[in-house]
Amino acid sequence: MKQLCCPLNGLRNISEFIYGGEYHDVPDYRSCSPRDWSEYVFFPENKAGWVIEWWCHLPTSYWFLVERNTVTDEIRRSFPSSDLYQERVDFSRAQTREKQSE
Amino acid sequence: MPFGLLKYGLRKHYPAQHQFTPSKELKKHYDVVIIGAGGHGTSIAYNLAKYHGISDIAIIDKGYLGGGNTARNTAVIRSNYLTAEGVAFYRESVRLYQGLSNEFDFNIMMENRGQLTLAHSDAAIRSFRWRAEVNQHLGVRSELVDRNTIRELVPNLRISEDARYPVLAGLWHKDGATARHDAVVWGYARGACQRGVELHQLTEAQGIEIEQGQAVGVQTNRGRISCGAVVQAVAGASSNVAKMAGLQLPIQSFPLQAMVTQPYKPLLDPHVSSPHVHVYVHQTSRGEFVIGGGSDPYPLYHTRATLDQKEKLAGSVLELFPFLAQARVLRQWAGTTDMTPDYSPIMGLSAVKNYFLDAGWGTWGFKATPICGKTMAELIATGRVPELIKPFSLERFYRFEQVNEAGATAASH
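The listed protein sequences derive, respectively, from chains A and B. First residue of the first sequence: 17, per my numbering; consecutive thereafter. First residue of the second sequence: 964, per my numbering; consecutive thereafter.
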């Protein structure tokens, strides 16, 4: 079986993982237009070639990023999300703030 | 006809009949260039030439006629969808399929054997009841059936309550059918070529020329063609071709693997599918069991086989038909399915003028071949979007007006 290297658990069978979609910058939902938001939600790049995507190791619920080729199915590297996100993105706090202002 | 056949039989020579235009030089200009020589592309060309008097058309394909997903689908025709928009559209397609052999004077081997979808849970029964009501309201023959009826329809099905997922009920769709998928594309291509359409195989689209927001030409590996309109009908490569025109589509491409067993004598009449165990199966007129299931778990532009997916398929089909444990797999293959978020296609206009989209056909493209060709041809010829395909425009994703067919599609084609 194909294997994937999890930054937390090491090399595991691909059946232990679930694909979580392409990696994108998240637009600021408080300021972006509905059109931009729909593009973020519905329109993947669907690139043929090297892409960065989200994967989750199911038994440990660990989300991380993988660089994979969507034509050859080669995996170049996998790395923790902390490599790209230095700060925590706190959606819930933003939501409560919105509720308070309503 | 019998007399003609007799005369033909008594001939000394049987010269090969050319069904399609032999390959020749590309012209500098065509009224319409269709990218993709599959069922959809040839169907659009056929309808344009036959019903709209537009025959200055080039169908170009980087491979060969009907060599993509037209050859790879599992040839299921049905209209038991969930939304009013979806049912109306596919119902019309099933109706057109019924008359297609006569229209072509070419046998597409249409077989009306019905489709049975199995429910293994209360939730599935509820959704089947919903689908049956919507279908009946729109004149599509679907009904909820109990275990006794299922036993009569498919005596070989393992219906015992000891099964891991016992069958509780079924959605019986009498209009379900199958046809020879290659014959469909050959019929359309032959009819189109007879009316002056040019088929150019091994001709790859490498760029779309756009001037002032309007598609004016296509660059190919055999030179540049200028044209009045461009249509893309390239299941499995929709995102990549659309990118040439500067368009992004709400599509992610996944492989879908299928396989065929050795032939058996006729055992299974209808097409049987189970969304719960993720498998669908029917027996072809040659006796082979065609087995398909869900798409691969992650996107890929490759038609390779994986043992785990094949194991899953085999395990699922044995849940329903244990006697297949002895069957040998003759062939296996995969096709790239362009999945949309709502499991409905994308048809119609794009942001580029005179650039028409026929994309996002995921796992439901074959059954829509006749109606898609008819409505797309009408759109290209008249510039007006036919009512039937209005709900499937690309714009629906910007307006958050998806046509949700996820429940009526998943592993049940």
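Heads up, the beta-carbon is just placed ideally off N, CA and C, and yes, glycines get one too.
Its Cα nearest to that of residue 1183(B), the residue 990(B) stands out among 1132(B), 990(B), 1047(B). Under the three-state reduction of DSSP output, residue 1226(B) falls in the coil class, being neither helix nor strand. Residue contact check for residue 51(A) against chain B: a CB pair falls below 9 Å.
Close partners of residue 1171(B) in chain A (Cβ separation under 7 Å) are lacking, with about 17 Å as the shortest Cβ gap. The C-alpha of residue 1248(B) lies about 46 Å from the C-alpha of residue 27(A). The DSSP assignment places 1201-1207 as complete runs of the alpha helix (DSSP H) inside the region 1198-1258 of chain B, in order along the chain (cut-off: 4 residues). A distance of 9 Å or more separates the beta carbons of residue 1038(B) and residue 1284(B). Residue burial annotation: residue 105(A) is exposed, with fewer than 16 other C-beta atoms found within 10 angstroms of its C-beta.
One alpha carbon belongs to residue 1273(B), the other to residue 18(A), and they sit about 14 Å apart. Where residue 92(A) is concerned, there is no enclosing alpha helix (DSSP H), although the beta strand (DSSP E) around it starts and stops at 91-96.
Counting along the chain, residue 1287(B) sits inside no alpha helix (DSSP H), nor does DSSP assign it H or E at all. Sequence-distant Cβ neighbours of residue 1237(B) in its own chain, meaning closer than 6 Å and more than five residues away, are 1081. Beyond the five residues adjoining it in sequence on each side, residue 1063(B) comes within less than 8 Å, by CB distance, of 1071, 1073, 1142, 1147, 1150, 1333 in the same chain, given in chain order. Among the CB atoms of chain B, one or more fall inside 9 Å of the CB of residue 61(A).
Selection 1348(B), 1243(B), 1282(B) evaluated against residue 1123(B) yields 1282(B) as nearest (Cα-Cα).
Close to chain A, meaning a Cβ-Cβ distance shorter than 7 Å, are the following residues of the region 1350-1367 of chain B: 1360, 1361, 1363.
Taking a contact to require three or more Cβ pairs closer than 8 Å, the region 1182-1202 of chain B and the region 994-1004 of chain B qualify as touching. For residue 1300(B), the uninterrupted beta strand (DSSP E) run begins and ends at 1292-1302, by DSSP. Buried is the label assigned to residue 62(A), since at least 16 other Cβ atoms lie within 10 Å of its Cβ. 1262, 1263, 1264, 1265, 1267, 1269, 1270, 1271: these are the residues of the region 1262-1280 of chain B whose beta carbon lies less than 8 Å from some beta carbon of chain A, given in chain order. For residue 1174(B), the enclosing beta strand (DSSP E) begins and ends at 1168-1174.
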